[in-house]
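Chemist: The structure under discussion is supplied below as structure tokens; questions concerning it will follow.
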Amino acid sequence: MWTNEYTATSPLPAQAIWNALRALHEGRLTYEGSDTFVLHGPFAKGTRVSVTPVG
């Protein structure tokens, strides 16, 4: 298993960012050509997510 960590700053409120991330990982926020995410449990620290890259 590999892990990655990224850091960024944004002028948006933290709740707006978490809402967008939750929607993405629950499959509610999609766009053409996007990877597929499957969340295995609640959207919380320690929950696993499977990512299937496009292609």
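Each number in our numbering corresponds to the 1-based position in the sequence shown with 180 added. Think of the CB as a built atom: it goes at the ideal place given N, C-alpha and C, for glycine as much as any other residue. Note that the coordinates shown come from a computational prediction; the quantities given were computed from them, not determined experimentally.
1. In chain order, what residues of the same chain lie with their CB nearer than 8 Å to the CB of A200, ignoring the 5 residues before and after it?
2. Assuming D215 and T232 are in contact, meaning their beta carbons sit under 8 Å apart, how far apart are those beta carbons, in whole angstroms?
3. Beta-carbon within less than 8 Å of H220's beta-carbon, same chain only, minus the 5 sequence neighbours each way: which residues are those?
4. Using CA atoms only, rank isn't needed, just tell me which of G213, G235, K225 is closest to R202.
5. What are the partner residues of V218, as DSSP defines its beta bridges?
Modeler: In this structure, then:
1. L209
2. 6 Å
3. T227, R228, V229, S230
4. K225
5. S230
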